[in-house]
DNA sequence: AGGTACAGTGCAAACGTTTTCACTGACAAA
DNA sequence: TTTGTCAGTGAAAACGTTTGCACTGTACCT
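Chains as they are written, first to last, in the working numbering: chain D, 6 to 342; chain U, 6 to 342.
Structure (structure tokens):
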């Protein structure tokens, strides 16, 4: 019933040696006689001795723990990122302290405070939607704790970043549609204040101009969810100058378009091609299965963690800022030719 | 550049008082003069003093941290569970140390060791598929660390558990199919060594007998994934004594059945009803959308965390074992009448 | 004046480690 | 014998806190 964690002291007392000796034996220090060392190690093993990480961290002033703050966990992209981070953390011997902001500024701020208090040796985060000022992150920097932002980065703080190559992904997808014979390609995107939106739109536009297709403003819609996509796509499909392809900023929107297209009995992909962005679960579950731009959350997570670990290892060095851009991959399924 | 975490000592030195005074001031102790107290608090605030949680945990011998081990993170159910756990952890003031077993026994074992070393005050876990013996969990119990198992529980260890009510969920779903006019209901399930499989099958069988429908062995198949479901369902649908409904042990299998049914041009739900189990992303993305038994991962996570916190708070008390069964909810969509 | 009460404060131990320094004894070299 | 070397070990400080105890001084009561 005792909170019986056996300590180095207990071993010392039991074996009638000093704590220093026990410590050295357990760390396999070279300046210790074979006999004593073995005796201590044996005793420790038998009694399931476990070093107290708290005491250790305190002594060494580094905790081998990394803090992660995500806006949400039930979310295909973020859970993938988390999974990728765990891959690297495990390999590199770091533990992970998890926080979730729910896109609330206040919670994010509180999480950062907790992380500093917890003496984490690094932080990975994707900022909350609500967040517009960044003193709390600056505090991390002031405390000399390395930070890597991923996906939703913080532009105001000089920091390491890992982002998706939205531009190239959109460019490749649009080019693929063009190459498979589409020339009137509609584009459904989010409001342009979001960075990803701008970049994906840029890729779309550049692909058109690269292939000598002029931009038709009527083909570009601000519309980024399932429900809105249905009426918007329906109207476009019924116009006489209808598009022959749709490219959507995310999979949900693409599914809305798919729904509308099927409803009007257009043949997919013979008459209408559709391409999404993300490659979440939905892309495979839909019928026909959705062609989409795959963004590997796991790669983002892995890269972010790798970058962070590198920063931690070379903490004394020049504070060089490194960014990493994760490639996307076009995943061709049944909604394109 | 210094690892400049300001400490209680620094404050004491700067203000020319003792560390005890500072400590008391920061903890708003009643036996301290107003003036000094305010002065200290003000100084601490200005210099962004943050208590060192490591030192605190060591002193108090409790870390306010809870360890969580999940088999996987990119997984609708487990990420939901995690989200639910965070809800409660946040509310109750606990931090979460996250581990992932990848269904490997070895990793699970290692995670447990880390958790003990980290002095967590409780552990939540769903055991790895590989795991068949439980010494590592027993060690937690021996160390007097409360454990709550969720979903994949550990039968050999007397412990608190949170599970899904598979039996009732399957019973309700089957009854719904019967009430909407189906009498030849096929059942696709996992191998019967899994607990959930047994329970869901039990619910199915009891629903039939409750409504006076005799069991047809040919309608029960061991088949629990998308790819296998397609040929199996196809064959059943082509037999002369075909089923008029399918109930599958998970959503993926149900989608395979859906695929086969559509391919053979049966009308859904007029001719064939289909029901899944889980209510993941896929259920909404499919066309038609899938009727399924919803199991709330978030509720599981919340309940598990609540149970654990209760255990931690009443650690001295009688070690009463509490189990919690999470209700499922039938979510009727388009694949049933 | 003598005593009590108490507010305000500091000292030091403790939590479990690591690590520097110093000590002991044995043995070899002079 | 004296000196030096070295292997083996222990004492103690330190990491940042909290807290029981002891000390000071002032104010109040007889």
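Note that beta-carbon positions come from the ideal geometry of N, C-alpha and C, so glycine has one too.
Subject >> For residue 241/D and residue 185/U, the rounded distance between their alpha carbons >> reply: 39 Å
**OP:** From the DSSP output, read off the bridge partner residues of residue 18/D.
**Re:** BP columns for residue 18/D are empty, so no partner.
Subject >> Rounded distance between the beta-carbons of residue 263/U and residue 213/U, thought under 8 Å >> reply: Incorrect: roughly 22 Å between the Cβ atoms, too far for contact.
Subject >> 6 Å CB neighbourhood of residue 86/D in its chain, flanking five on each side removed >> reply: 302, 305 and 306
Subject >> Range of the contiguous alpha helix (DSSP H) that encloses residue 267/U >> reply: 256–268
Original post:
Helix, strand or coil: how does DSSP classify residue 51/U here?
Top reply: helix
Original post:
residue 309/U CB to nearest chain D CB: under 7 Å?
Top reply: no
Original post:
Exposed or buried, which one is residue 74/D when buried takes at least 16 other CB atoms within 10 Å?
Top reply: buried
Original post:
Whose C-beta lies closer than 8 Å to the C-beta of residue 26/D among residues of the same chain, with five residues either side of it excluded?
Top reply: 17, 37, 41 and 45
**OP:** Kindly list the residues whose CB is nearer than 7 Å to the CB of residue 336/U, restricted to its own chain and excluding five residues on each side of it in sequence; keep chain order.
**Re:** 284, 296, 297 and 299
**OP:** Could you pull out every residue in the same chain whose Cβ sits closer than 6 Å to the Cβ of residue 93/D, ignoring the five residues on either side in sequence?
**Re:** 307, 310 and 311
Subject >> Simplified DSSP assignment, three categories, for residue 337/D >> reply: coil
**OP:** Could you tell me whether the stretch 143–160 of chain U touches the stretch 89–106 of chain D, where touching means 3 or more Cβ pairs closer than 8 Å?
**Re:** no
Subject >> Within-7 Å CB hit, residue 344/U to chain D >> reply: Absent from the structure is residue 344/U, since the part of chain U shown begins at 6 and ends at 342.
**OP:** Closer than 6 Å by C-beta to residue 172/D: which residues in its own chain qualify, once you throw out the five before and the five after it? Chain order, please.
**Re:** 204, 207 and 208
Original post:
What are the boundary residues of the beta strand (DSSP E) that includes residue 192/D?
Top reply: 190–194
Original post:
If you measure from the beta carbon of residue 64/U to each beta carbon in chain D, is any gap under 7 Å?
Top reply: no
**OP:** Within the same chain, show all residues whose beta-carbon is closer than 7 Å to that of residue 7/U, passing over the 5 residues directly before and after it, in chain order.
**Re:** In this prediction, residue 7/U scores a pLDDT of 39, lower than 50, which makes its location untrustworthy; no coordinate-derived value is stated.
Subject >> For residue 294/D, the first and last residue of its enclosing beta strand (DSSP E) >> reply: Note, residue 294/D: premise wrong, no beta strand (DSSP E); not H, not E.
Original post:
What is the rounded straight-line gap between the Cα of residue 114/D and the Cα of residue 158/D?
Top reply: 16 Å
Original post:
In chain order, what residues of the same chain have a beta carbon less than 6 Å from the beta carbon of residue 317/D, not counting five sequence neighbours either side?
Top reply: 126, 127 and 151
Original post:
Can the beta-carbon of residue 260/D be found closer than 7 Å to that of residue 231/D?
Top reply: yes
**OP:** Taking 7 Å as the cut-off, decide whether the C-beta atoms of residue 139/D and residue 161/D are in contact.
**Re:** yes
Original post:
For the stretch 258–289 of chain U, which residues have a CB atom closer than 9 Å to at least one CB atom of chain D, in sequence order?
Top reply: 260, 263, 264, 267, 285, 286, 287, 288 and 289
**OP:** Note down the Cα distance separating residue 191/U from residue 340/U, rounded to an integer number of angstroms.
**Re:** 15 Å
Subject >> Per-residue burial, residue 314/U [other beta carbons within 10 Å of its own, 16 or more giving buried] >> reply: buried
**OP:** Output the distance between the C-alpha atoms of residue 56/U and residue 32/U, rounded to the nearest integer angstrom.
**Re:** 11 Å
Subject >> Spatial distance of residue 227/D from residue 256/D (CA atoms) >> reply: 15 Å
Original post:
Just checking my contact of residue 110/D with residue 136/D at CB under 8 Å: how many whole Å lie between their CB atoms?
Top reply: 5 Å
Original post:
So, is residue 326/U buried or exposed, given that buried needs 16 or more other C-beta atoms within 10 angstroms?
Top reply: exposed
Original post:
Which value, in whole angstroms, describes the spacing of the CA atoms of residue 353/U and residue 282/U?
Top reply: Chain U is shown only over 6 to 342; residue 353/U falls outside these bounds and no answer can be derived.
Original post:
Taking only beta-carbon atoms, is residue 108/D less than 7 Å away from chain U?
Top reply: no
Subject >> Test item: CB-CB of residue 271/U and residue 277/U under 7 Å >> reply: yes
Original post:
When DSSP builds the beta bridges, which residues end up paired with residue 79/D?
Top reply: Beta-bridge pairing links residue 79/D to no other residue.
**OP:** With a floor of 3 residues, list each beta strand (DSSP E) that falls wholly inside the stretch 62–149 of chain U, ordered by position along the chain.
**Re:** 70–75, 100–105 and 128–130
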